[in-house]
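For reference, the structure is listed below as structure tokens.
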């Protein structure tokens, strides 16, 4: 029991310190999005991070970084054979009130890139998680 409690406390300390180190500033993915798509950055990533975390600014930065990283990783890992999987994940994890707008943006995309994805209002960490989970399942049989 003592060993398990020590392990739990150790893991909590790692997560906490990770959150603090990530909360110091924007990561390279977030900086790229902010610099190249400033309006979309303000309307999506920053807006939802502030809504979620209010004045806990280290968590706002952490959330922006997490979402930006997820978008970039999704673009990097995307395979056109899995278009339906990503489409379904985007639908499932669209922010409230934005499903039809996201579907419209998706249908007008000429390539699968940050340029288009950043216009959508989604929880990108969950889209990426769902995409990875479904692709792995699809490839397992």
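Numbering (full-length UniProt numbering), first residue to last: 1 to 141. The beta-carbon is built from N, C-alpha and C at its ideal position, and this holds for glycine as well.
What whole-angstrom Cβ distance do residue i and residue j have, given they're in contact under 8 Å?
i	j	result
residue 127	residue 74	7 Å
residue 69	residue 27	6 Å
residue 93	residue 123	5 Å
Hey, out of the options, whose CA is closest to residue i's CA?
i	options	result
residue 50	37, 64, 40, 39	64
residue 30	139, 109, 76, 71	71
residue 32	57, 54, 67	67
residue 142	62, 45, 36	Since the displayed the chain opens at 1 and closes at 141, residue 142 lies outside it and no answer follows.
residue 43	95, 84, 91, 81	95
Below 8 Å between beta carbons: does that hold for residue i and residue j?
i	j	result
residue 121	residue 87	no
residue 40	residue 118	yes
residue 52	residue 89	no
Mapping the DSSP letters down to three states, classify residue i as helix, strand or coil.
i	result
residue 107	helix
residue 125	helix
| field | the stretch 75 to 84 in contact with the stretch 107 to 121 per 3-pair CB rule at 8 Å | value | yes
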